[in-house]
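Heads up: the sequence shown is residues 0 to 299, going by numbering that gives the first Met the number 0.
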Amino acid sequence: MRHAPLVERFERLRFQSLWHLNVDQDELKRLESEVLIGHPRHPLTLNHAARLALPETELPSPPRGLSGVASAFLDGDIPAARALLKRHSGPRISVLQGDLALADRDHKAAEPHYESARSIFGAHPPLLARLARCALSTKRVAVSTKLTLEALSINPLHGSSRALLGLGAQSQGQQLLALPLYAPVRVTAAGLELARDMPAGHRDIWRAWYQADANALPLDPPKATAHRAMLNRWRTQAREPGPTDALCAQLQAWKDDGLLGAYQWSTNLSPENAQEFRDWVDANPTTLIRFWAQAIRNKA
């Protein structure tokens, strides 16, 4: 997984803060804002968005007194970190023991530590993703897929789980559908934004549609019903397929399967609508698993 330098810098400072090391909190907040705006679909950014939206799905904060272990870990001195960690115990320590084993690429040694932590903490996406990584490293793709689907059913924003689900699919000659779906149109508070490469005739039709039916666009991308109305108008006036035909077809397919809500939550979950999401999950406990399972596609 390739990391953007800005994301790497933010993740390092966030780790230091989490493990009670000295950090410039103003710089951390600045980097947080830049990462969320500039790299919103990076797996590590999605991990952070996931914990902001649903903090209860994150692992408990580590105890104090482990700054020496964390410093050695950051410096890549795994033997020193392990030696210091022997003085401590507990489920959160088990997670760190697993992380140290992963840093040594010893996935078989890491897995029991994570399983021990799961027996205490239960299912948390960061822990399930660690177990999925162990399973994938030993070619247990079905196990890894099951774990990542469970993680995404708890928090659909979790970036590491998305990445691992994609890697598992690739190992089977498949691919994970890229989300959010590409749409050449964004509706913002300032109005309609159109892709620069859109043909002029298409741009005129989008503008006419927006002016006639702006109130039908509360989501980005717009609701499936609004897409269908636009597509019908497009075909009537332009008499040619448009770049959103596939988008409309996919949204309609999800609507028919009862999965459109899962797509919307997987792309629009935030702290502001988190309680509504929790209520939705309680009423639809298996929908996100079905959605993400269907997002695994055969390569064209």
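We put the beta carbon where it would ideally sit given N, CA and C, even for glycine.
Next on the checklist: In this structure, how does DSSP classify N297 when only helix, strand and coil are distinguished?
Outcome noted: Within the sequence shown, the letter at position 298 stands for residue 297. N297 falls in the strand class under three-state DSSP.
Checklist entry - Where DSSP assigns a beta bridge to Q174, which residues make up the other side? => result For the purposes of this step, residue 174 is taken as residue 175 along the sequence shown, with counting starting at 1. Here Q174 is bridged, per DSSP, to R296.
Checklist entry - Would you call the CB atoms of L30 and R8 closer than 8 Å? => result Here the question's residue 30 lines up with position 31 in the sequence shown. Here the question's residue 8 lines up with position 9 in the sequence shown. Yes.
Item to check | Collapsed DSSP secondary structure at R81 in the structure displayed | outcome: Counting from 1 along the sequence shown, the entry for residue 81 is found at position 82. DSSP places R81 in helix when its eight states are reduced to three.
Checklist entry - Given 8 Å as the limit, is there contact between the stretch 123 to 142 and the stretch 155 to 165, that is, 3 or more CB pairs closer than that? => result Yes: at least three Cβ pairs fall under 8 Å.
Checklist entry - So L43 packs on L27, CB below 8 Å; how close in whole Å? => result Position 44 of the sequence shown, counting from 1, holds the residue named residue 43. Position 28 of the sequence shown, counting from 1, holds the residue named residue 27. That belief does not hold up - the Cβ atoms of L43 and L27 are roughly 14 Å apart, past 8 Å.
Checklist entry - Under the three-state reduction of DSSP, which class applies to L287: helix, strand or coil? => result Position 288 of the sequence shown, counting from 1, holds the residue named residue 287. Annotated three-state conformation of L287 is helix, per DSSP.
Item to check | Residue closest to A122, alpha-carbon to alpha-carbon, out of R132, A177, L146, P198 | outcome: Your numbering for residue 122 matches position 123 in the sequence shown. When only C-alpha atoms are compared, the closest one is L146.
Checklist entry - Between which two residues does the alpha helix (DSSP H) harbouring S70 extend? => result As a working mapping, residue 70 is identified with position 71 in the sequence shown. S70 -> alpha helix (DSSP H) spans 66 to 73.
Item to check | Exposure of T144, with buried meaning 16 or more beta-carbon neighbours within 10 Å | outcome: Translated into positions along the sequence shown, residue 144 becomes position 145. Using a 10 angstroms sphere on the CB of T144, the tally of other CB atoms reaches 16 or more, which defines it as buried.
Checklist entry - Which residues mark the beginning and the end of the alpha helix (DSSP H) in which R13 is found? => result As a first step, residue 13 must be located in the sequence shown, where it is residue number 14. 4 to 17 is the span of the alpha helix (DSSP H), which, as asked, contains R13.
Checklist entry - For V142, which of helix, strand or coil comes out of DSSP? => result Numbered from 1 along the sequence shown, position 143 holds the residue referred to as residue 142. In the three-state scheme derived from DSSP, where H, G and I count as helix and E and B as strand, V142 is classed as helix.
Item to check | Cβ neighbours of K107 in the same chain (closer than 8 Å, five flanking residues each side left out) | outcome: Start at 1 with the first residue of the sequence shown, and residue 107 comes out as number 108. If we look at K107 and ignore the five residues flanking it on each side, its Cβ neighbours are C133, T137.
Checklist entry - So, is S93 buried or exposed, given that buried needs 16 or more other C-beta atoms within 10 angstroms? => result Start at 1 with the first residue of the sequence shown, and residue 93 comes out as number 94. It counts as buried.
Checklist entry - With 16 as the cutoff for other CB atoms within 10 Å, does N154 come out buried or exposed? => result Against the sequence shown, residue 154 aligns to sequence position 155. Counting Cβ neighbours within 10 Å, N154 comes out buried, since at least 16 surround it.
Item to check | P61 and L101 closer than 8 Å at C-beta | outcome: What you label residue 61 is simply residue 62 of the sequence shown in a count that begins at 1. What you label residue 101 is simply residue 102 of the sequence shown in a count that begins at 1. Pairing P61 with L101 gives a Cβ-Cβ distance that is not under 8 Å.
Next on the checklist: I need the straight-line Cα distance from E110 to T56, nearest angstrom please.
Outcome noted: Locating residue 110 in the sequence shown gives position 111, where the first residue counts as 1. Locating residue 56 in the sequence shown gives position 57, where the first residue counts as 1. Rounded to whole angstroms, the separation of the alpha carbons of T56 and E110 is 20 Å.
Item to check | Close Cβ partners of S66 (< 8 Å) along its chain, the five nearest in sequence each way excluded | outcome: In the sequence shown, residue 66 corresponds to position 67, counting from 1. Same-chain partners within the cutoff: W18, H19, L20.
Checklist entry - Buried or exposed: where does S88 fall if 16 or more other Cβ atoms within 10 Å of its Cβ makes it buried? => result By one-based count along the sequence shown, residue 88 stands at place 89. S88 should be labelled exposed.
Item to check | Sequence-distant residues of its chain with Cβ nearer than 8 Å to H38 (five each side left out) | outcome: One-based indexing of the sequence shown puts residue 38 at position 39. Excluding sequence neighbours, H38 sits near A3, L5, V6, T44.
Next on the checklist: Please state whether the Cβ-Cβ distance between A48 and L35 is less than 8 Å.
Outcome noted: Counted from its first residue, the sequence shown places residue 48 at position 49. Counted from its first residue, the sequence shown places residue 35 at position 36. It is a contact, given that the beta carbons lie within the stated cut-off.
Checklist entry - Does DSSP put R104 in a helix, a strand or coil? => result For this step, residue 104 is matched to residue 105 along the sequence shown. In the structure shown, R104 sits in coil (DSSP, three-state: anything other than H, G, I, E or B).
Next on the checklist: Please classify N313 as buried or exposed, where buried requires at least 16 neighbouring CB atoms within 10 angstroms.
Outcome noted: Only positions 0 to 299 of the chain appear in this structure, which leaves residue 313 out of reach.
Checklist entry - Are there 16 or more other CB atoms within 10 angstroms of the CB of T286, so buried, or fewer, so exposed? => result Counted from its first residue, the sequence shown places residue 286 at position 287. Its Cβ being crowded by 16 or more others within 10 Å, T286 is buried.
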